[in-house]
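Peer 1: Residue numbers (this note's numbering): 49 to 490. All C-beta atoms, glycine included, are put in the ideal place defined by N, C-alpha and C. Please see the structure below; I have some questions.
In structure tokens:
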């Protein structure tokens, strides 16, 4: 905390009043299903965003500094926030959390005529699938919740942050914000949605989780692919909903409940009732009985209107099978006498194969990294949105050095880039969620 405090003093010539700390996360299993309404199983990691801040009552200015010089600084009037979805500036994520709380404060008729100075320091690898962007959203929301005395508790903040991320054009679910806010040291969390609820999951103590960064940065095309996956699942759900007379259900979990089917039965229906070839816009409109304009307005998002075909069957097969794997992973962890590392590892391996082949959200280099680690691990899979980023491996505790040495020689040294081992590979254990520290007595 001394480092971020000193950086704040360098920038603003006085001490901060508070420090907000928000962790990154690694998702152990349950990829791309939170926005489909299904449970996920992440844990918070030690790497975090630290945001030192000071309330400036006589101003409406947000002064935002980042200790990493390549990210630059940012200032704006809090009464005139506009977030440009077409630009990928780091400050947009922080601002989306700020804007979410400001909107809530306005609804409650609270006074928002004051400003804030903020200095950000983070050690979550960016664009690596460890939720550095959502940590920024949560930091922005926590700071403004405190300054404007909105009174939102962590569960409410998690939900608000998930919704607010849409200000930057992300059609996500809510996992990242929920684990960032509600994590507890020593436990992974099963996170359920609608309503938001978390359950402690004690992981086996005879294995460790290692995070390995592929060093492939998910680019703008990956961001677009993510939003396409969201609407492909939505369209597939609408097609099945239409076939079974359930109206216009858009979310896979809602359709499952409406039909009263098990996850295995939903997989069977998907295999039988959706065809392998991509659905064209024209075909989707014909099935749903709507015009192309209505499809674009009510089903697609602003950044997916140009998409002409949709792989609905493959996406839903991933969703229903991944949701079942989360259930089995949790059930296995809940029975420590019978908890099988082989079972957990098998589920992780199956998850990666599904992400790679059905959801198509992996990357050749990430697959190469996974394949290198697999023979020495109980299980290994991509974590986060994919298209690059990180893998998470469950390995025997006694094999940590062996795995790191092998992967360093056979993957990282071949990249011919200058970085330390600790930057690209680290063992992690479940950490605590977001916290706010007062420096008034420090």
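1) When you compare the CB positions of residue 322 and residue 372, do they come within less than 8 Å of one another, or not?
2) By Cβ distance below 6 Å, which residues in the same chain neighbour residue 124 in space, the five residues on each side in sequence not counted?
3) Over the uninterrupted beta strand (DSSP E) stretch that includes residue 66, give me the two end residues.
4) Name the two residues that bound the continuous alpha helix (DSSP H) containing residue 335.
5) What alpha helix (DSSP H) runs, 4 residues minimum, are completely inside the stretch 229-300?
6) Once the 5 residues before and after residue 366 are set aside, which same chain residues still bring their CB inside 6 Å of it?
7) Can you tell me whether residue 106 is buried or exposed, with buried defined as 16 or more other CB within 10 angstroms of its CB?
8) Using only CA atoms, which one of 438, 409, 447 lies nearest to residue 426?
9) According to DSSP, residue 190 sits in a beta bridge with which residue or residues?
10) Could you check where the beta strand (DSSP E) with residue 102 kicks off and where it finishes?
11) Hey, is the stretch 251-270 in contact with the stretch 214-228, meaning 3+ C-beta pairs nearer than 8 Å?
12) Considering only C-alpha positions, which residue in the set 164, 262, 133 is nearest to residue 63?
13) To which residues of the same chain is residue 192 closer than 6 Å at the C-beta, ignoring the five residues directly before and after it?
14) Leaving out five residues on either side along the sequence, give the residues of the same chain with a beta carbon under 7 Å from the beta carbon of residue 301.
15) Within the same chain, show all residues whose beta-carbon is closer than 8 Å to that of residue 309, passing over the 5 residues directly before and after it, in chain order.
16) Between the Cα of residue 69 and the Cα atoms of 57, 272, 97, 51, which residue gives the shortest distance?
17) Name the two residues that bound the continuous alpha helix (DSSP H) containing residue 135.
18) Please report the distance separating the alpha-carbon of residue 344 from that of residue 283.
19) Beta-carbon within less than 7 Å of residue 380's beta-carbon, same chain only, minus the 5 sequence neighbours each way: which residues are those?
20) Taking only the alpha-carbon atoms, compute the straight-line gap between residue 428 and residue 275 and give it to the nearest angstrom.
21) Among 143, 138, 135, 119, whose alpha-carbon lies nearest the alpha-carbon of residue 128?
22) May I have the straight-line CA-CA distance separating residue 219 from residue 53, to the nearest angstrom?
23) Kindly list the residues whose CB is nearer than 8 Å to the CB of residue 67, restricted to its own chain and excluding five residues on each side of it in sequence; keep chain order.
24) Just to confirm my understanding: we take residue 89, look at its own chain, exclude 5 residues before and 5 after, and list those with CB closer than 8 Å. What are they?
25) Cutting at 6 Å between CB atoms, please list the residues of its own chain near residue 195, excluding the five before and the five after it.
26) Identify which residue in 112, 187, 118 has its Cα closest to the Cα of residue 166.
Peer 2: According to the structure shown:
1) Position 274 of the chain shown, counting from 1, holds the residue named residue 322. Position 324 of the chain shown, counting from 1, holds the residue named residue 372. No, these two residues do not count as a Cβ contact at 8 Å.
2) Reading the chain shown from its first residue, position 76 is the one you call residue 124. Excluding sequence neighbours, residue 124 sits near 110.
3) To locate residue 66, count along the chain shown from 1; it is residue 18. From DSSP, the beta strand (DSSP E) with residue 66 extends over 66-77.
4) For the purposes of this step, residue 335 is identified with residue 287 of the chain shown, where counting begins at 1. Segment 329-336, the alpha helix (DSSP H) holding residue 335.
5) 268-291
6) As a first step, residue 366 must be located in the chain shown, where it is residue number 318. These residues qualify, in order along the chain: 402, 406, 407.
7) Against the chain shown, residue 106 aligns to sequence position 58. Under this definition residue 106 is an exposed residue.
8) Residue numbering aside, residue 426 sits at position 378 when the chain shown is read from its first letter. Ranking the options by Cα distance to residue 426, first place goes to 447.
9) The residue labelled residue 190 in the question sits at position 142 within the chain shown. According to DSSP, residue 190 bridges with nothing at all.
10) Residue mapping note: residue 102 aligns to position 54 of the chain shown, counting from 1. Residue 102 -> beta strand (DSSP E) spans 89-104.
11) no
12) For the purposes of this step, residue 63 is taken as the residue at position 15 of the chain shown. Ranking 164, 262, 133 by Cα distance to residue 63 puts 164 first.
13) As a position in the chain shown, residue 192 is number 144, starting the count at 1. Here the set comprises 146, 149.
14) The residue you call residue 301 lines up with position 253 of the chain shown. Cβ neighbours of residue 301 beyond the five flanking positions: 84, 85, 86.
15) Taking the first residue of the chain shown as position 1, residue 309 is located at position 261. Within the same chain, residue 309 has close Cβ partners 317.
16) Here residue 69 is taken as the residue at index 21 of the chain shown, counted from 1. Among 57, 272, 97, 51, the Cα nearest to that of residue 69 is on 97.
17) Taking the first residue of the chain shown as position 1, residue 135 is located at position 87. Careful: residue 135 lies outside any alpha helix (DSSP H) and carries neither H nor E.
18) Position 296 of the chain shown holds residue 344. Position 235 of the chain shown holds residue 283. Those two C-alpha atoms are separated by around 11 Å.
19) For the purposes of this step, residue 380 is taken as residue 332 along the chain shown, with counting starting at 1. Here the set comprises 387, 388, 391, 392.
20) Along the chain shown, one-based indexing puts residue 428 at 380. Along the chain shown, one-based indexing puts residue 275 at 227. Distance between the alpha carbons of residue 428 and residue 275 is about 25 Å.
21) For this step, residue 128 is matched to residue 80 along the chain shown. The shortest C-alpha separation from residue 128 is found at 143.
22) For this step, residue 219 is matched to residue 171 along the chain shown. For this step, residue 53 is matched to residue 5 along the chain shown. Looking at the two C-alpha atoms, the distance is approximately 35 Å.
23) Position 19 of the chain shown, counting from 1, holds the residue named residue 67. So the list reads 49, 52, 53, 98, 99, 100, 101, 484, 485, 487, once near-sequence residues are dropped.
24) As a position in the chain shown, residue 89 is number 41, starting the count at 1. The answer, listed in chain order, is 75, 76, 77, 78, 236, 237, 238, 239, 249, 374, 377, 378.
25) Mapped onto the chain shown, residue 195 falls at position 147. Here the set comprises 103, 164.
26) Counting from one through the chain shown, the residue named residue 166 turns up at place 118. Nearest option by C-alpha distance: 112.
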